[in-house]
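Peer 1: For the sequence shown, counting from 1, position 16 maps to -4 in this note's numbering; every step adds exactly one.
Ideal Cβ positions, reconstructed from N, Cα and C, are used throughout, including at glycine.
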Amino acid sequence: MAPKSFLITLIFLFSIIIFIGCGENSTKIKRKSNQLSDLQLSKSKFTAFIKELNSLEAENRKSIVENFISENPNSPVIENDIVNFYWFGKADTVLITGDLQNAWQFPDTLHLISCGDSSFFYKSYSVPNDARLDYLLIVDGNTIIDLRNNSTTPSGYGTHSSFEMPGFQRDSLRFSNPNSEKGILDTIKFRSKNNLFEEREIAVYTPSNLYTDNKLPVVL
-19 MAPKSFLITL IFLFSIIIFI GCGENSTKIK RKSNQLSDLQ LSKSKFTAFI
31 KELNSLEAEN RKSIVENFIS ENPNSPVIEN DIVNFYWFGK ADTVLITGDL
81 QNAWQFPDTL HLISCGDSSF FYKSYSVPND ARLDYLLIVD GNTIIDLRNN
131 STTPSGYGTH SSFEMPGFQR DSLRFSNPNS EKGILDTIKF RSKNNLFEER
181 EIAVYTPSNL YTDNKLPVVL
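1) Counting C-beta neighbours from all protein chains within 10 Å, is the total for R41 16 or more, i.e. buried, or is it exposed?
2) In chain order, what residues of the same chain have a beta carbon less than 8 Å from the beta carbon of N5, not counting five sequence neighbours either side?
3) Just to confirm my understanding: we take E181, look at its own chain, exclude 5 residues before and 5 after, and list those with CB closer than 7 Å. What are they?
4) Which of the three DSSP states is assigned to K8 in this structure?
5) Closest to V63 by CA distance: which of M145, W84 and S99 is it?
6) Enumerate in chain order the residues of its own chain whose CB-to-CB distance from D120 is below 7 Å, with the five nearest sequence positions on each side excluded.
7) I'd like to know if the segment 74 to 87 and the segment 40 to 56 are in contact, where contact means that at least 3 CB-CB pairs between them fall below 8 Å.
8) Given a threshold of 16 other Cβ atoms within 10 Å of its Cβ, counted over all protein chains shown, does Q85 qualify as buried or as exposed?
9) Contact between the segment 99 to 111 and the segment 15 to 31: three or more CB pairs below 8 Å?
10) According to DSSP, simplified to helix, strand and coil, what is T73?
11) Alpha carbons only, please: which of E161, S17, S142 and S172 is nearest the one belonging to I125?
12) For I164, count neighbouring C-beta atoms within 10 Å of its own C-beta (all shown protein chains included) and say buried if the count is 16 or more, exposed if not.
13) Where does L33 sit, in a helix, a strand or coil, going by DSSP?
14) Mind checking who F101 pairs with in its DSSP beta bridge?
15) Pull up the DSSP beta-bridge partners for Y137, would you.
16) Against chain C, does S135 count as a neighbour if the rule is that its beta carbon must be under 8 Å from one of theirs?
17) Under a Cβ-count criterion, where at least 16 other Cβ atoms within 10 Å of its own Cβ denotes burial, should F48 be classed as buried or exposed?
18) Only counting the same chain, and skipping five residues up and downstream in sequence, which positions put a Cβ closer than 7 Å to that of C95?
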């Protein structure tokens, strides 16, 4: 084989090896484990409830679930550093997607316990005690907020359900002071001299008690 042909063949084989290696590494995405430890499982009342539910016949579970929901009407159920999500009703699959699921990349499937004509779905995670996280449920392919959770957060992709762990500290800058004086929010229309650009609506905020004929600093 001529030196030039041998070199081309060697480069070709080396390229294939690199391509295969990169392909294998790209699929090995490590997810941070949020599984409960044995100690957490032993102390969790929710885990004890799940064990009790699984020990019963399917036709005897519904009343137990209804009693549980009457005592825990809001989801998720939080126990120190454990967050327990649940959904009860008629469905084949319920998934959860959110901050816990590798930043919304890989939805988790909730475990299913048949309760006659309905099913109890659940999933538990170990979460830092000071966390605040968003999520959504996917019920039979339909993405929805958690109807048992009154806490929601607006986002660029719609409304999310959210929850706070017991140690979460709220940032005071994110919440308005009801005793503070309010400024004025006005809107103006801006039209460029260049006809290629459409008319834009601009919101202008002026702080309270600020009356002057002088030019004011502008933050965009």
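Peer 2: Concretely, from the data shown:
1) Under this definition R41 is a buried residue.
2) Bear in mind that a pLDDT of 41 at N5, under 50, signals an unreliable position, so the number given afterwards is only what the model happens to contain. For N5, where only same-chain residues beyond five positions count, there are no Cβ hits under 8 Å.
3) Contacts found: T167 and K169.
4) Unreliable placement is indicated for K8, whose pLDDT of 37 sits below 50; no coordinate value is reported for it.
5) Nearest of M145, W84 and S99 to V63, Cα basis: M145.
6) Counting only Cβ-Cβ distances below 7 Å, and skipping sequence neighbours, we find A71, D72 and T73.
7) Here the segment 74 to 87 does not lie against the segment 40 to 56, with fewer than 3 beta-carbon pairs under 8 Å apart.
8) Exposed, by the Cβ-count rule.
9) They touch, by the three-pair rule.
10) Looking at T73 - three-state DSSP - the assignment turns out to be coil, as it is neither helix nor strand.
11) Measuring from the Cα of I125, the nearest candidate turns out to be S142.
12) Exposed is the label assigned to I164, since fewer than 16 other Cβ atoms lie within 10 Å of its Cβ.
13) Looking at L33 - three-state DSSP - the assignment turns out to be helix.
14) Beta-bridge analysis with DSSP links F101 to W67 and L92.
15) Under the DSSP definition of a beta bridge, Y137 lacks any partner.
16) Annotation note: the requested chain C is absent from the structure, which comprises a single protein chain.
17) Answer is buried; the Cβ neighbour count reaches 16.
18) Residues A38, R41, K42 and V45 of the same chain have their beta carbon placed closer than 7 Å to that of C95, with the five preceding and five following residues left out of the count.
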